[in-house]
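Shown next, in C-alpha cells, is the structure this report addresses.
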Amino acid sequence: MRRATIWCVLMLAGVDALAAQDSQFGIRGLGAPGTFASVRAWATGGAFAPFDGMSALTDASLTEVVRLTAAATEVSDYRTVNDGTNSSSLRSSRFPMLQVAGPVVGHLVIGGGFSTYLYRSYSVQVPGSIVIRGVPESYVDQLGSDGAVTDLRLAAAWQFSPRLSVGGGVHILTGSSSLTATRLFTDSAIYKNASQTDQESYDGFGVSLSVLATPVSGLRVSGFLQSYNHLRAEVNGFQNAQNELPTTLGGAVQWSVTPEVKLAGSITHANWSVSSAAGTAFNTTNWAVGGELGRAIPFRIGLRGGQMPFGPGPTAPTQLGISAGTGFTFSQGRGILDFGIEHLRRTGGGLTENGWNLLAGLTVRP
Amino acid sequence: MRIGRRTLLALGLAATLAACTEDATAPGKCPAFCPPGQVQVVDTILHVISRDSSFTGYVQPDSAQVMLAANVNGLDSRPIFLLGPVGNRVLLNPQSTSDTTTVAATSVDSATLVLQITRRDTLASNLRISLYRLPQTIDKNSTLAGLAGPFTDSLVRSINVDSVLALPGGVDSTAGDSVATIDTTHIGLKIKVTLDSAQARFIAADSGRQAFGIRITADSLASVAFTSVQGGGGPIFTWWGTFDSAGTAVHRVMAIANNSFNSFVSNAAPPTLDSNLVIGGVPSARALLRFAIPRLIRDSSQVVRATLYLVPVTAPVGVPSDSVVITFSRVSTDIGAKSPCVPDVLASGCLALGDSAFVVSATAPMGHADTIATDITQIVRGWAVDTISPQTLMLRQYPEGGNLVYLRVYSSRSAFQPALHITYVPRYSFGNP
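Keeping their order, the protein sequence lines are chains A and B. Numbering of the first sequence is given in our numbering, commencing with residue 1 and proceeding in unit increments. Numbering of the second sequence is given in our numbering, commencing with residue 367 and proceeding in unit increments.
What follows is the structure in C-alpha cells.
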C-alpha cells in the first residue's frame with residue numbers, strides 16, 4: 001500500500017504541467033470558473049464543499065481539519081462540443097487544487113493552497129480565405145490560450161464552540177496563460193506561416209468570510225462570501241485589460257441523517273455582470289445537492305446546475321451535472337484516495353457541451 | 367474489503383493514467399466562441415532601398431569558373447590555357463610500391479585533350495571546336511587582338527561536336543574523338559580530342575609545355591562555357607608515349623599535364639558604371655542594395671511574403687542559354703564594395719544557392735526587359751530574427767565572371783526604382799480577455 005501511495009503521488013505530480021480546458025463558454029470572457037471543491041465534495045455535486053476542510057470554497061470549514069492535512073486534486077475531462085455544424089471531441093487533464101491545513105493553537109486552524117479560479121485554456125481553428133495580390137488564398141487561423149487564473153489562499157478559522165465556527169481568508173489571484181495566434185496558409189510554398197506567442201499574466205486580490213453553524217444536532221448550515229476587486233491582465237509586462245470581479249454569496253445546509261448517511265445542498269450567486277470582458281457577462285446562480293452513504297468505502301452522489309457567466313446569447317448558458325464517487329483510507333488512516341466521475345452538460349448560444357470529468361484526489365495526513 | 371480497495375485503486379489509477387492526454391483544439395464558431403481579436407494581413411509595396419550602388423572589377427576572366435567561347439552577334443570570345451611541363455619517364459612497374467625504376471619513352475606519339483562544356487544552347491547546330499596553338503607567353507594580360515595572329519595561322523585541329531555526338535556511342539573511331547553527355551539535360555558535354563604526334567608536338571626542351579586556344583563556330587547560337595580549373599574542371603591534356611618493354615613497344619600514358627593558367631579573351635566591353643545598377647559581365651560587376659524596412663514591419667510584424675522588383679534599363683541581348691542569372695545574397699557585414707558574404711560553415715566560401723534564408727536567385731531572360739521579381743521572403747524574415755544583421759543584399763551574376771552579358775537595372779535614384787512588395791501579419795492583439 002505504501003508503494004501505491006508513492007505511485008499515486010507521482011502520478012498526480014506528473015499531470016500538473018498539462019494544460020486545462022474546461023469550457024468553450026470561457027473563450028469569449030474571462031474564463032470558466034473553477035469549482036473550489038475537493039474530489040470528495042465534487043462527487044456530491046459540490047454540495048459538500050462548504051463543509052469540507054479540504055475544499056477551498058469556505059474558510060470556516062477549516063475547523064473540520066483536526067490535524068495537519070494536505071490534499072491534491074486531479075481532473076481529466078472528455079468533452080464533445082457541438083455548435084450545430086461541427087462536432088469535435090476534446091480531452092485534457094488538469095491539477096486544479098492543492099490545499100494544506102492544520103490546527104495551530106487552541107481552536108485556530110490555518111490553511112491555504114491554490115485552486116483554479118478561472119480556466120483559460122482553449123484552442124480554436126478558424127478557416128478562411130483572403131484575396132492577396134489579386135489571388136484568393138485559403139488559410140486556417142489557430143488561436144489558443146493555455147493557462148489559468150489561480151487563487152492563492154491563506155485562511156484561518158476559529159471554532160468558537162462546537163456549534164459555531166467562523167473563518168476568513170485573503171486571496172491573491174495570480175497565474176498566466178501562454179497565448180498563441182497562428183495563421184497557416186494552405187499554399188505554404190508561397191506564403192509563409194505567421195505565429196505569435198505571448199505570455200499573459202494575471203493579478204488580483206480578494207477576501208472571503210464564512211460561518212459554519214450547527215443549530216441542532218445533525219444539521220449544519222454555512223454562509224459564505226467571496227469578494228475580489230479586479231483581475232488585471234498584462235501581456236509582456238504591459239497592462240492589457242482590467243476587469244472587475246464578482247462578489248459571491250452562498251449558503252448551504254448539511255443533514256446527517258445517521259452517522260453513515262449525509263445529505264447536503266448549497267446555492268451560490270455571483271454578480272459576474274460587473275465584468276467588462278469581451279462578450280456578454282451574466283450574473284449566475286448555481287445550486288447543488290448531494291449525499292454520502294457509508295463510511296469505510298462511502299458512496300457519493302450529487303447533482304448540480306446553474307449558469308455560466310459568459311456567453312454570446314441574450315441569456316446565460318446553463319449547466320447541469322450529475323456525479324458519483326467513492327474513496328477509501330489506507331496506511332492506518334494517514335492517506336485517503338478519492339475517486340469520482342461527473343457527467344456535465346452545458347448549453348447556450350447554439351453550442352452544446354457534453355462531457356465526462358474523471359476525478360482523483362489524494363489526501364495525506366502525516 | 368481488501369479486494370474492494372484494490373479494485374478501486376486499479377480503476378482509479380487506470381482512469382488517471384488514461385487521462386494523461388491532451389486534445390484541446392476545436393473548430394471555432396466565430397465570433398461567438400472565439401477570442402475577440404482577428405489575424406490581419408497587410409499587403410503593400412514599399413520603396414525601401416535606402417542606398418544602392420554598383421562596383422566593378424571583381425572576377426577577372428582568369429578567375430572565373432568557366433572559360434567563355436562565343437562567336438555570335440559580333441561577340442567573340444576564346445578560351446586560352448597553358449599546360450605545365452611534364453617528364454617523359456614513367457615507372458617501369460607502376461603496380462609495385464617499392465620498385466622506383468623508371469623508363470623513358472622512346473617516342474611521344476599522341477595526346478588527348480578533354481574539355482567539359484557546362485553551358486551551351488542545345489539549338490545550336492554544327493557546333494565546331496577549333497584548337498589553336500598559342501605562344502607560351504599567354505597570361506592574364508593577353509587580349510583578343512594580341513592573339514589574333516596565332517588564332518589565324520596556328521590551327522591544330524577542329525572537331526564537329528554535333529557530328530561526333532550523333533555517331534554511335536558518340537565515338538569517332540577514325541579520329542579517336544568522342545563526345546558524351548554528362549547529365550540528363552544533355553546540355554553538359556564531355557569532349558575528347560585526339561592529337562597525333564605532329565599536332566601534339568612534344569618538345570623535350572620545353573618539357574611539353576605549350577599553350578592552346580579554342581575558337582568555336584556554329585550555324586547559330588555559338589556560345590559555350592567550358593569548365594575552368596576554378597570551376598572544378600579545366601582542360602585535361604594527356605600525353606601518350608611508346609615504351610620499350612623487353613624489346614616490345616608498349617603504348618601507354620606518359621603524363622597528364624597540369625593547367626598552369628586558363629582564361630579567355632574577348633572583344634566584349636566590360637560593364638561601365640553609371641547612375642543605375644549593373645550586375646554581371648566580365649570583369650564582373652556587383653550591386654549592393656541597402657534596405658530600410660520600417661521597424662513596424664521588420665520587428666513587430668511577421669512577413670509572410672516579400673518580393674523584390676527590379677526593372678531592367680534595357681533587355682539583355684545574347685544567346686538564350688546565356689540568360690543572366692542573378693543571386694541575391696545576404697552579407698555578413700556591410701562595408702561597401704568588399705562586404706563579405708555569409709560564409710558556409712560546412713564548407714569553404716560563401717553559402718551557395720539552396721538556402722533561401724541567405725541566397726536566392728532570379729533570371730533575366732535574353733531579349734526581355736520585363737520586371738524581375740524575386741522572392742526574398744526568407745531573407746527578410748531572417749533580418750527580423752537577427753536584428754544586428756545588415757539589411758543589405760549583394761547582387762551578383764551566377765556564375766560570377768561566367769557571362770559576357772550583364773544586366774543594368776534602375777537604381778533608387780530612378781523613377782523605376784527597386785520596390786519591395788511585402789505581405790505581412792501585424793502584431794496580433796489578444797485584446798481584453
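Yeah, the Cβ is synthetic: ideal placement off N, Cα and C, and Gly gets one too.
Cutoff 6 Å; reference residue i; Cβ partners in own chain excluding five residues on either side
| i | result |
| --- | --- |
| T197 (chain A) | T180 |
| N624 (chain B) | G450 |
| L293 (chain A) | V261, F299 |
| D359 (chain B) | This structure cannot speak to residue 359 (chain B), because chain B is shown only from 367 to 799. |
| T214 (chain A) | R163, R220 |
| G223 (chain A) | V211, G251 |
| D141 (chain A) | V126, R183 |
| F657 (chain B) | V414, Q757 |
| A785 (chain B) | I411, H413, Y675 |
Alpha helix (DSSP H) segment containing residue i, residue limits
| i | result |
| --- | --- |
| R661 (chain B) | 661-664 |
| I335 (chain B) | Lying before the first or after the last residue shown, residue 335 (chain B) is absent from chain B, which here runs from 367 to 799. |
| L152 (chain A) | Element bounds for L152 (chain A): not the alpha helix (DSSP H) but the beta strand (DSSP E), 135-161. |
| W373 (chain A) | The structure shown does not extend to residue 373 (chain A), since chain A spans only 1 to 366, so no value can be given for it. |
| A532 (chain B) | 527-532 |
| T518 (chain B) | 516-519 |
CB contact below 8 Å: residue i versus chain B
| i | result |
| --- | --- |
| K262 (chain A) | no |
| A233 (chain A) | yes |
| N86 (chain A) | yes |
| Q307 (chain A) | no |
| V126 (chain A) | yes |
| L90 (chain A) | yes |
| S123 (chain A) | yes |
| N240 (chain A) | yes |
| L219 (chain A) | no |
| R183 (chain A) | yes |
Chain-order list of residues whose beta-carbon lies under 7 Å from that of residue i (same chain, five-residue window excluded)
| i | result |
| --- | --- |
| V677 (chain B) | T737, V775, Y776, F782 |
| A470 (chain B) | N454, R455 |
| G599 (chain B) | Q482, T593 |
| Q596 (chain B) | S429, A430, Q431 |
| G355 (chain A) | D77, Y78, R79, T80, L344 |
Own chain partners of residue i with C-beta closer than 8 Å, once the 5 adjacent residues on each side are dropped
| i | result |
| --- | --- |
| D475 (chain B) | D562, S563, W606, G607, T608, H617 |
| F160 (chain A) | H107, V166 |
| R793 (chain B) | S666, S667 |
| L719 (chain B) | T693, V725, V726, S727, Y764 |
Any chain A beta carbon closer than 8 Å to residue i
| i | result |
| --- | --- |
| Y794 (chain B) | yes |
| R671 (chain B) | yes |
| F399 (chain B) | yes |
| P660 (chain B) | no |
| K556 (chain B) | no |
| T583 (chain B) | no |
| V791 (chain B) | yes |
| D721 (chain B) | no |
| A392 (chain B) | yes |
| D389 (chain B) | yes |
| P799 (chain B) | yes |
| Q668 (chain B) | yes |
Continuous beta strand (DSSP E) stretch holding residue i: start and end
| i | result |
| --- | --- |
| S622 (chain B) | Looking at the sequence itself, residue 622 (chain B) is Ile, so the reference to Ser does not match. First-last of the beta strand (DSSP E) with I622 (chain B): 614-623. |
| Q461 (chain B) | It is not in any beta strand (DSSP E) - Q461 (chain B) carries neither H nor E in the DSSP assignment. |
| D475 (chain B) | 473-486 |
| A571 (chain B) | Per DSSP, A571 (chain B) belongs to no beta strand (DSSP E) and is neither H nor E. |
| W272 (chain A) | No beta strand (DSSP E) holds W272 (chain A); DSSP gives it neither H nor E. |
Beta carbon proximity, residue i to chain D, threshold 8 Å
| i | result |
| --- | --- |
| K395 (chain B) | As a matter of chain content, chain D is missing from the structure shown, whose protein chains are A and B. |
Near-chain A residues of the stretch 732-749 of chain B (beta-carbon distance less than 9 Å), N- to C-terminal order: Within the stretch 732-749 of chain B, the residues whose Cβ lies closer than 9 Å to some Cβ of chain A are D741, T743, Q744, R747, listed in chain order.
Contact between the stretch 699-709 of chain B and the stretch 749-767 of chain B (3+ Cβ pairs under 8 Å): With three or more CB-CB distances shorter than 8 Å, the stretch 699-709 of chain B counts as touching the stretch 749-767 of chain B.
Residues of the stretch 186-206 of chain A with Cβ closer than 9 Å to any Cβ of chain B, in chain order: Taking 9 Å as the Cβ-Cβ cut-off against chain B, the residues of the stretch 186-206 of chain A that qualify are I190, Y191, K192, N193, A194, S195, Q196, D198, E200, Y202.
Three or more C-beta pairs below 8 Å linking the stretch 324-332 of chain A and the stretch 33-44 of chain A: Contact between the stretch 324-332 of chain A and the stretch 33-44 of chain A is present: 3 or more CB-CB pairs across the two stretches fall below 8 Å.
Three or more C-beta pairs below 8 Å linking the stretch 81-92 of chain A and the stretch 62-73 of chain A: Contact between the stretch 81-92 of chain A and the stretch 62-73 of chain A is absent, because fewer than three Cβ pairs lie under 8 Å.
Residues of the stretch 399-413 of chain B whose Cβ lies closer than 9 Å to any Cβ of chain A, in chain order: Residues passing the 9 Å Cβ filter: F399, C400, P401, P402, G403, Q404, V405, V407, D409.
Three CB pairs or more closer than 8 Å across the stretch 127-140 of chain A and the stretch 186-201 of chain A: When Cβ pairs closer than 8 Å are counted between the two stretches, the stretch 127-140 of chain A is seen to touch the stretch 186-201 of chain A, the count reaching three or more.
Segment contact, 8 Å Cβ cut-off, at least three pairs: the stretch 310-318 of chain A with the stretch 348-355 of chain A: By the C-beta criterion, the stretch 310-318 of chain A is judged to be in contact with the stretch 348-355 of chain A, since at least 3 inter-stretch pairs fall below 8 Å.
Contact set between the stretch 61-88 of chain A and chain B, restricted to residues whose Cβ is under 7 Å from the partner: Residues passing the 7 Å Cβ filter: E74, S76, V81, D83, N86, S88.
Selection of the stretch 291-319 of chain A by Cβ proximity to chain B, strictly under 9 Å: Listed by position along the chain: A296, I297, G311, P312, G313.
contact_flag[the stretch 493-507 of chain B, the stretch 516-526 of chain B] where n(CB pairs < 8 Å) is 3 or more: Short answer: they touch.
The stretch 436-450 of chain B / the stretch 580-592 of chain B touching (three or more Cβ pairs under 8 Å): They touch, by the three-pair rule.
Contact the stretch 457-471 of chain B vs the stretch 646-662 of chain B: 3+ CB pairs below 8 Å: The stretch 457-471 of chain B is not in contact with the stretch 646-662 of chain B.
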